[in-house]
Amino acid sequence: MERRVLQSITARIIFFLFVIGAGMPVIAQAPEISGRIHIPLWAHLEAYPGIENYQYSKEAPFEYPISRIRETAPFLIEGMVYGWRFTYVPPDRIRQVSEYFTIEAVRSITPEIGKITYTRPWIEESRLYCWVDFEPTPFAEKARLQWTSTRYPKIQGKGFGALSEGFDGITQACKEAAKLAVREYARTIEKNKPQEIEGTLLITGSPKLGVDSGRYSAVLDFFLDVGTIKKYQY
């Protein structure tokens, strides 16, 4: 009984910390592509030992995981609303070309695009979990729904990032997942290795973030819009 009461009190405290300045919560179940986004996120309760300039405070015991979730949520939602613009250069040993991949948000999340809220927090296995909800404006919703066209192929990738890197480790895992997804697709559309591919990725469904063999892992599904394919001159 005491444990249940403690868990209830803890959940209320976390909820209060989340929603201050964030508005009232929005609860919504969302299909793969729809106006609303409703995804679960988590963060470790404590910082990785010796790598982040963070000191535990009794006055704000959940400050660390809340700050990590607040960093991760906009990053993923940017990829789910307008997508990530990418550039991929396949490795080429003969030409001494190293593999290169970069992503950037097509557009940042701002109040004009929509609002992020955090709901239903709970603690499990030394992690703080919560549901992240995003209600886009009609303009942003229209942009997202344009991706429902069947002309966009669906691809998937799994990537990893270092736990010791904190939020950067999560972005590493997501970036690697995106790179592997694009790499595998490129192998199916070009007989000869291209010099460079540019395009846009939109995250579909719910991102699957976890820990695998002591590393952050990310499994992401995407819709792919190939912009340009630059070929080598033979």
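As numbered in the working numbering, residues 1 to 234 make up the sequence shown, in order.
Glycine is no exception: its CB is placed at the ideal position from the N, C-alpha and C atoms.
Label residue i either buried or exposed according to how many other C-beta atoms from any shown protein chain fall within 10 Å of its C-beta, with 16 as the threshold for buried.
| i | result |
| --- | --- |
| I189 | exposed |
| P111 | exposed |
| T171 | buried |
| R144 | buried |
| Q29 | The predicted position of Q29 is uncertain, since its pLDDT is 35 and thus under 50; a value taken from the coordinates is nonetheless stated next. With fewer than 16 Cβ atoms within 10 Å of its Cβ, Q29 is classed as exposed. |
| V182 | buried |
Looking at residue j and residue i, is the spacing between their C-beta atoms short of 9 Å?
| i | j | result |
| --- | --- | --- |
| A218 | G161 | yes |
| L224 | P138 | no |
| G83 | L201 | yes |
| L163 | R215 | yes |
| G205 | A178 | no |
| T148 | F134 | no |
| I229 | E196 | yes |
Ends of the alpha helix (DSSP H) at residue i?
| i | result |
| --- | --- |
| Q146 | Element bounds for Q146: n/a, residue is neither H nor E. |
| R235 | Not covered by the structure: residue 235. The range shown for the chain is 1 to 234. |
Provide the residue span of the beta strand (DSSP E) that contains residue i, from first to last.
| i | result |
| --- | --- |
| T110 | Where T110 is concerned, there is no enclosing beta strand (DSSP E), given that its DSSP letter is neither H nor E. |
| P90 | P90 -> no beta strand (DSSP E), and no H or E assigned at all. |
| V132 | 127-136 |
| A47 | A47 -> no beta strand (DSSP E), and no H or E assigned at all. |
Problem - Sufficient close CB pairs (3 or more, under 8 Å) joining the segment 80-97 to the segment 121-128 - result: no
Handout entry: the segment 61-68 in contact with the segment 35-46 per 3-pair CB rule at 8 Å
Key = yes
Problem - At least 3 beta-carbon pairs within less than 8 Å: the segment 96-103 vs the segment 68-78 - result: no
Practice task
List in chain order: all unbroken alpha helix (DSSP H) runs of 4+ residues lying wholly within the segment 145-221.
Solution key: 167-189
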